[in-house]
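Asker: Heads up: the first sequence runs through residues 1264 to 1699, numbered per my numbering.
Each residue gets a CB set at the ideal place from its N, CA and C atoms; glycine is no exception.
Since we're looking at a predicted model, the values are computed, not measured.
Take this structure first; my questions come after.
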Amino acid sequence: MVRVRFAPSPTGNLHIGGARTALFNWLYARAKGGKFVLRIEDTDQVRSKPEFVDEILNSLKWLGFDWDEIGYQSKRFDIYNEYAQKLLSAGKAYKEKLPDKPGEAIIFKVPQQKIKMQDLIRGEIEFDTSVIKDQVLIKSDGTPTYNFACVVDDATMDITHVIRGDDHISNTPKQTLLYEALGFKLPKFAHLPLIMGMEGGRLSKRTGATAISDYRKMGYLPQALVNYLLLLSWAPGNNVELVDINEAIKLFDVTQVNKTAATFDLKKLNWMNNQYLKNEDSEKLADILIPGLIEKGYIGKDNLDRGYLVSLVKLFQPRLTTINDFPDWADFFFVEEVKIDPEAEKKCLSQDLSNEFRLFVEKLDKLAEFDILNIEEGFRSLVKELNIESKALIHPIRVALTGKTIGPGLFEVIYYLGKERTKKRLSRWIKGGGDA
RNA sequence: GACCCCGUCGUCUAGCCUGGUCCAGGACAAGAGCUUUUCAAGCUCUCGACACGGGUUCAAAUCCCGUCGGGGUCACCA
1264 MVRVRFAPSP TGNLHIGGAR TALFNWLYAR AKGGKFVLRI EDTDQVRSKP EFVDEILNSL
1324 KWLGFDWDEI GYQSKRFDIY NEYAQKLLSA GKAYKEKLPD KPGEAIIFKV PQQKIKMQDL
1384 IRGEIEFDTS VIKDQVLIKS DGTPTYNFAC VVDDATMDIT HVIRGDDHIS NTPKQTLLYE
1444 ALGFKLPKFA HLPLIMGMEG GRLSKRTGAT AISDYRKMGY LPQALVNYLL LLSWAPGNNV
1504 ELVDINEAIK LFDVTQVNKT AATFDLKKLN WMNNQYLKNE DSEKLADILI PGLIEKGYIG
1564 KDNLDRGYLV SLVKLFQPRL TTINDFPDWA DFFFVEEVKI DPEAEKKCLS QDLSNEFRLF
1624 VEKLDKLAEF DILNIEEGFR SLVKELNIES KALIHPIRVA LTGKTIGPGL FEVIYYLGKE
1684 RTKKRLSRWI KGGGDA
């Protein structure tokens, strides 16, 4: 039975790197029909905060990584002490009292030897432990150190595969020594390459957002983020980029993960998010958008026309990079007074188009049916009569109606805006009293 | 600095294990154009890489060695 674990420390948010480690562990567990164990590494009493535990758990849930078990290191101090005592009485560890420390620390005597470890991703890695100092097991305040708690936990929780970041590779010989000293069976190790920022080095806040919750706030879909993370250091083959998580479970294999560190590229994530956004069910997308629209005062809590909203979502869906783009781009559908972008006004509405606008309004009034096809037909006939280019009128009308030079097709916009609002917005640009 | 890991287009990668089918394929980005309704969507095209140097071999991105480059770790943090 495969048992893997993800062991975050609640001293901060769940970040991109952690999420990717969680993803690969979760995938491996699901692929092998094993268990995915969560272990909260909260031995640092000062820096660990319960709100970070909540934040991490919520982010994992949002990403869709359900866990089978959860444990907290802070509840296992007795166990760590028990094993430390064993090493002490076996003569493999000793106590030390430092003048500036409260109590005695328990320290592991590091035996000098060569260690060969097998890594599922990298193959054989060799270390000479003579360069490693004796390791503190239990600190003088009675709490265990990371490497010790980690070994005791992984062994006693029957973890079969330790899948973690590359940065732990040099912890592995230290831990291997502890497994041997304690008589524990060694798990299999797989060290994932790190995710780096665009400017090189570790992904950091300077380079961009690192917290998963930030990506959620920025309007990324969890499926898109997971798919993007999946493609960092792993590829399903056959030039496939968009891979459904259930498909990934079938195809994933840790041993095929790359060895090279990957750079986090927001542009590709954006593309990926757009792919998922355009394929997402419009009803579902509307549901995701509703809270934000209510918050902005764009729609009412009680009197919202869901069908109408879904139509608008469909209009913008292919273009959205993030969920948050929708309220920004579709704002003109929800407010009475359109905010006209000054640049757009200068570009498209600086000349007097009173006559053209008035004639267009007349066309709209004469339509047998106010629908997209008829609106376009009316417009086309007007342009023909005026003997002008379509775009000479389309762009000014778009700016007058939406305040923007870009957006969905104009005739759809007019249809969903409705005749009255369209006329009202056009009349503002008709000199000498538009009677709309 | 010591130790460890890594090195294919700007970025993510396929190919490497099992040398020839690779004058290296795909995706993102970028650039150009088309879409005579914009683009933030769509379509088409272009640009662009085996880090370098030695071997081994009839043949090397693929195997070996060295150099260089990048990253990580060296805490009574995790």
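Please look up how many angstroms separate the CB atoms of Leu1627 and Thr1685, rounded, as I've assumed it's under 8 Å.
Answerer: Translated into positions along the first sequence, residue 1627 becomes position 364. Translated into positions along the first sequence, residue 1685 becomes position 422. Contact flag correct, Cβ pair sits at about 7 Å.
Asker: For Pro1407, which beta-bridge partners are listed by DSSP?
Answerer: The residue you call residue 1407 lines up with position 144 of the first sequence. Paired residues: Ile1401.
Asker: Using 8 Å for Cβ pairs, my map puts Ile1458 next to Ala1525. What's the rounded Cβ distance?
Answerer: Translated into positions along the first sequence, residue 1458 becomes position 195. Translated into positions along the first sequence, residue 1525 becomes position 262. At roughly 6 Å, the Cβ-Cβ gap stays under 8 Å, so Ile1458 and Ala1525 are in contact.
Asker: Count the other CB atoms, across all protein chains shown, that sit within 10 Å of the CB of Val1598; report buried if there are 16 or more and exposed otherwise.
Answerer: On the first sequence, position 335 is the one that residue 1598 refers to. So Val1598 ends up on the exposed side.
Asker: Suppose you measure from the CA of Lys1295 to the CA of Lys1667; what does that come to, to the nearest Å?
Answerer: Taking the first residue of the first sequence as position 1, residue 1295 is located at position 32. Taking the first residue of the first sequence as position 1, residue 1667 is located at position 404. So the two alpha carbons sit approximately 52 Å from each other.
Asker: Tell me the DSSP secondary structure of Lys1358 in three-state form.
Answerer: Numbered from 1 along the first sequence, position 95 holds the residue referred to as residue 1358. Looking at Lys1358 - three-state DSSP - the assignment turns out to be strand.
Asker: Below 8 Å, how does it come out for the stretch 1322-1334 and the stretch 1549-1558: are there three or more Cβ pairs, yes or no?
Answerer: no
Asker: What does DSSP give as the partner residue(s) for Asp1391 in the beta ladder?
Answerer: Numbered from 1 along the first sequence, position 128 holds the residue referred to as residue 1391. DSSP output for Asp1391 lists Lys1377 as bridge partner(s).
Asker: List the whole-angstrom C-beta distance separating Pro1671 from Leu1612, where the pair is believed to meet the contact cut-off of C-beta under 8 Å.
Answerer: Within the first sequence, numbered from 1, the residue matching residue 1671 stands at position 408. Within the first sequence, numbered from 1, the residue matching residue 1612 stands at position 349. About 19 Å separates the two Cβ atoms, so there is no contact after all.
Asker: What does a CB cutoff of less than 7 Å around Pro1581 pick up in its chain, not counting 5 residues either side in sequence?
Answerer: For the purposes of this step, residue 1581 is taken as the residue at position 318 of the first sequence. If we look at Pro1581 and ignore the five residues flanking it on each side, its Cβ neighbours are Lys1541.
Asker: Around the Cβ of Ala1699, are there at least 16 other Cβ atoms within 10 angstroms (buried) or fewer (exposed)?
Answerer: For the purposes of this step, residue 1699 is identified with residue 436 of the first sequence, where counting begins at 1. Unreliable placement is indicated for Ala1699, whose pLDDT of 44 sits below 50; the coordinate value is still reported in the next sentence. Ala1699 comes out buried.
Asker: Considering only DSSP beta bridges, list what Ala1239 is partnered with.
Answerer: Because the chain is modelled from 1264 through 1699, residue 1239 falls outside the range shown and cannot be assessed.
Asker: Along the chain, where does the beta strand (DSSP E) containing Tyr1483 start, and where does it finish?
Answerer: Residue numbering aside, residue 1483 sits at position 220 when the first sequence is read from its first letter. Per DSSP, Tyr1483 belongs to no beta strand (DSSP E) and is neither H nor E.
Asker: Please return the same chain residues whose Cβ sits closer than 7 Å to the Cβ of Leu1583, not counting the five positions on each side in sequence.
Answerer: Start at 1 with the first residue of the first sequence, and residue 1583 comes out as number 320. Around Leu1583: Asn1537, Leu1540 and Phe1589.
Asker: Among the residues of its own chain, which have a CB less than 6 Å from the CB of Ile1657, if the five just before and after it don't count?
Answerer: For the purposes of this step, residue 1657 is taken as the residue at position 394 of the first sequence. Within the same chain, Ile1657 has close Cβ partners Leu1673.
Asker: If the criterion is Cβ atoms closer than 8 Å, does the pair Leu1455 and Val1506 meet it?
Answerer: As a first step, residue 1455 is located in the first sequence; it is residue number 192 there, counting from the start. As a first step, residue 1506 is located in the first sequence; it is residue number 243 there, counting from the start. Taking 8 Å as the Cβ cut-off, Leu1455 and Val1506 do not qualify as a contacting pair.
Asker: Within its chain, find whatever has a CB closer than 8 Å to the CB of Met1481; leave out the 5 residues flanking it on each side and keep chain order.
Answerer: The residue given as residue 1481 occupies position 218 in the first sequence. So the qualifying residues of the chain are Ala1472, Thr1585 and Asn1587.
Asker: Looking at the strands, I want to know which residues DSSP matches up with Tyr1658.
Answerer: Start at 1 with the first residue of the first sequence, and residue 1658 comes out as number 395. It should be pointed out that residue 1658 corresponds to His in this sequence rather than to Tyr. Note: His1658 is not bridge-paired with any residue in the DSSP secondary-structure output.
Asker: Could you pull the DSSP bridge partners for Ala1368 from this structure?
Answerer: The residue labelled residue 1368 in the question sits at position 105 within the first sequence. DSSP output for Ala1368 lists Glu1359 as bridge partner(s).
Asker: With Ile1378 and Ile1401 assumed to form a contact (beta carbons below 8 Å), what rounded beta-carbon distance in angstroms separates them?
Answerer: Start at 1 with the first residue of the first sequence, and residue 1378 comes out as number 115. Start at 1 with the first residue of the first sequence, and residue 1401 comes out as number 138. Contact flag wrong, Cβ pair sits at about 23 Å.
Asker: What's the C-alpha gap between Phe1620 and Ser1545?
Answerer: What you label residue 1620 is simply residue 357 of the first sequence in a count that begins at 1. What you label residue 1545 is simply residue 282 of the first sequence in a count that begins at 1. Straight-line Cα distance between these residues: approximately 34 Å.
Asker: First and last residue of the beta strand (DSSP E) that includes Phe1269?
Answerer: Counting from 1 along the first sequence, the entry for residue 1269 is found at position 6. Membership of Phe1269 in the beta strand (DSSP E) is indicated by the continuous run Arg1266 to Phe1269.
Asker: Please classify Asn1509: is it buried, with 16 or more other beta-carbons within 10 angstroms of its beta-carbon, or exposed?
Answerer: Stepping through the first sequence from its first residue, residue 1509 is reached at position 246. Exposed.
Asker: Just how far apart, CA to CA, sit Leu1488 and Asp1421?
Answerer: Stepping through the first sequence from its first residue, residue 1488 is reached at position 225. Stepping through the first sequence from its first residue, residue 1421 is reached at position 158. Rounded to the nearest angstrom, the gap between the Cα atoms of Leu1488 and Asp1421 is 31 Å.
Asker: In this structure, how does DSSP classify Met1535 when only helix, strand and coil are distinguished?
Answerer: Working through the first sequence from its first residue, we reach residue 1535 at position 272. Residue state, collapsed to three classes: helix.
Asker: Determine the direct distance from the alpha carbon of Phe1579 to that of Leu1616, and round the result to whole angstroms.
Answerer: Reading the first sequence from its first residue, position 353 is the one you call residue 1616. Reading the first sequence from its first residue, position 316 is the one you call residue 1579. Going by the C-alpha atoms only, they are around 28 Å apart.
Asker: If we ignore side chains and look at the alpha-carbon of each, how far apart do Thr1518 and Arg1283 end up?
Answerer: Taking the first sequence and counting its residues from 1, one reaches residue 1518 at position 255. Taking the first sequence and counting its residues from 1, one reaches residue 1283 at position 20. Near 16 Å, if we compare the C-alpha coordinates of Arg1283 and Thr1518.
Asker: Going by DSSP in three states, Val1598 sits in which element: helix, strand or coil?
Answerer: Counting from 1 along the first sequence, the entry for residue 1598 is found at position 335. Correct three-state label for Val1598: coil.
Asker: Could you give the distance in angstroms between the alpha-carbon of Leu1440 and the alpha-carbon of Phe1515?
Answerer: Here residue 1440 is taken as the residue at index 177 of the first sequence, counted from 1. Here residue 1515 is taken as the residue at index 252 of the first sequence, counted from 1. Going by the C-alpha atoms only, they are around 31 Å apart.
Asker: Who are the near neighbours of Ala1607 in its chain, counting only those whose CB is closer than 8 Å to its CB and skipping five residues on each side?
Answerer: The sequence position of residue 1607 within the first sequence is 344, counting from 1. Excluding residues within five positions, the ones whose Cβ falls inside 8 Å are Val1662, Gly1666, Lys1667 and Thr1668.
Asker: Determine, using beta-carbon pairs with one atom in the stretch 1311-1320 and one in the stretch 1286-1293, whether at least three such pairs fall under 8 Å.
Answerer: no
Asker: List the whole-angstrom C-beta distance separating Phe1340 from Thr1406, where the pair is believed to meet the contact cut-off of C-beta under 8 Å.
Answerer: Residue mapping note: residue 1340 aligns to position 77 of the first sequence, counting from 1. Residue mapping note: residue 1406 aligns to position 143 of the first sequence, counting from 1. Confirmed, about 7 Å.
Asker: What span of residues does the alpha helix (DSSP H) with Thr1555 cover, start to end?
Answerer: On the first sequence, position 292 is the one that residue 1555 refers to. Here residue 1555 is Gly; the residue named in the question, Thr, does not match the sequence. Per DSSP, Gly1555 belongs to the alpha helix (DSSP H) from Ser1545 to Glu1558.
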